[in-house]
Amino acid sequence: MSKLIPSLDNFTRCHDTSEPISNFKAPRGQAGVSILWPKQWSSKIKKLEVGNERIIAITIATEPMLCIINAYMPTINTNSEIQYSECLDIIFDIIEKHQSKYIIILAGDLNGSLLQTRTNKHDKLLKEFVQEVSLFRPDLGNQPTFFHHAHHGSSQIDYILSNRNNLSKKYSILDKSYANTSAHCAVILHTNISIPLLVRNTNQKKTIKTKVLWEQRDEEKYRETILNELLQKDLPTLDIDKQIDIISNSLLNAQQQSIPSKITQLKGPKWKATPEVTVLLRMCKVIYNKWADLGKPIGHPLSLELKIHKKKLRQRQRMEQAIDRNTIHNKIMNTSSSQMFHRLIRRNLGDNSPICNKLYKN
């Protein structure tokens, strides 16, 4: 991608990213996903590790902060709703983790339609999902975004959705043209957010907090490294400040070469799972690993059990979110202070799912 469009940076995953395959053997409907941006933005963009070969996400550290998800959902086929649901679960987790601090934008070929006239299995799953996570899109009627290559019909399956219903300045679907050889039409969203072309600060250093694992040290190598460095210096002839610098650098170099360390603090939104949610998360992970070891067979009892536990997990998360909203709502209503009042205003302005939809006077 960088060779094709050198003026832009990108985050790209392909179907064969993990297991490269020849283009002649590439299966239909499993290409890849990519997000591109001006290189001047790169210092403010973080590529998220989550997702898979069909789903990628980035965050942009601007004001307001953005989380952009690009998805290429599975094509409808026999039993494809299982893989489709798995992809929706991945997107749900990304939104769940970031929606409190970021504006969410989900874009891509969703291979499901939000039109009321469409009711296949993917359409139903997508409509339920969009309603569950409160995503919005401007109403453009029945204008199609996809035209079948054999002229068997058309449909509206490409979308740009957001958790802010006032994000769009202009939303449009371009008409099909001879210059566009794809079966899909371009969908464009002009937002009311302005992101300046940021200048990359090459002198800025990232600070990562780490913990030295002394119990895993290579003591022989540690001593040997210090000794070799000190023998190369004629310490008695140097002043005391220079001696301290040399010894300190020797200890630091020996530590880096012979003692492993681990990162203790990562950037990103903090989310603490309750004991009930933790149990459900672990259960889903155990069931998924068992199912994956069997090769993820479609229709296997473990896949059905996983689907049930994931549903319970989402229900529990939604219930706890509702309890949290009600708790804060009651606290705001029962506390007569300007601080709590402005907290209510900020939360309503900053979230499409407000704490309350009514404000009582007196």
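Those letters in the sequence shown? Residues 20 to 381, by the numbering used here. A virtual CB, placed ideally from N, CA and C, is assigned to each residue, including glycine.
In the DSSP assignment, residue 55 is bridged to 29. Approximately 12 Å separates the beta-carbon atoms of residue 24 and residue 54; this is outside 8 Å, ruling out the contact.
Burial state of residue 117 is buried, judged by a 10 Å Cβ sphere holding 16 or more other Cβ atoms. When secondary structure is reduced to three states using DSSP, residue 341 falls in the helix class. In the three-state reduction of the DSSP assignment, residue 121 falls in the coil class, being assigned neither a helical nor a strand state. Rounded to the nearest angstrom, the Cβ distance from residue 230 to residue 276 is 17 Å, too far for a contact under 8 Å.
One thing to note: residue 92 has its Cβ no nearer than 8 Å to the Cβ of residue 139. By the neighbour-count definition (other C-beta atoms within 10 Å, threshold 16), residue 251 is an exposed residue. For residue 229, the secondary structure class from DSSP, reduced to helix, strand or coil, is strand.
Counting every other CB atom within 10 Å of its CB across the protein chains shown gives residue 60 a total of 16 or more, marking it as buried. Taking residue 168 as reference, the option from 201, 137, 136 with the minimal CA-CA separation is 201.
Cβ neighbours of residue 110 within its own chain (closer than 7 Å, five residues either side excluded): 74, 88, 90, 125. The residues 210, in chain order, have a CB closer than 6 Å to that of residue 186 in the same chain once the five nearest residues on each side in sequence are set aside.
Contact fails between the stretch 295 to 305 and the stretch 255 to 267, because fewer than three Cβ pairs, one in each stretch, are under 8 Å apart. In this structure residue 70 is buried. Its beta-carbon is surrounded by 16 or more other beta-carbon atoms within 10 angstroms. By a beta-carbon distance limit of 8 Å, residue 83 contacts residue 212. Their separation comes to about 7 Å. Segment contact: the stretch 346 to 361 against the stretch 321 to 336, fewer than three CB-CB distances shorter than 8 Å; contact not assigned. By the neighbour-count criterion, in which a residue is buried when 16 or more other Cβ atoms sit within 10 angstroms of its Cβ, residue 314 is exposed.
DSSP places residue 197 outside both helix and strand once states are collapsed to three, so it counts as coil. With a cutoff of 8 Å on beta-carbon distance, residue 142 and residue 132 are scored as near each other.
If you draw a straight line from the Cα of residue 190 to the Cα of residue 107, it is about 24 Å long. Burial is judged here by how many other beta carbons sit within 10 angstroms of a residue's own beta carbon; residue 197 has fewer than 16 and is exposed.
C-alpha of residue 206 to C-alpha of residue 123: approximately 17 Å in a straight line. Comparing alpha-carbon positions, the option among 128, 27, 113 lying closest to residue 204 turns out to be 128. Short of 7 Å from the beta carbon of residue 188, and not among the five residues preceding or following it, lie these beta carbons of its own chain, in chain order: 209, 210, 211. Rounded to whole angstroms, residue 179 and residue 264 show a C-alpha spacing of 57 Å. For residue 261, there is no enclosing beta strand (DSSP E); the residue is part of the alpha helix (DSSP H) that begins and ends at 259 to 277. For residue 78, the uninterrupted beta strand (DSSP E) run begins and ends at 74 to 79, by DSSP.
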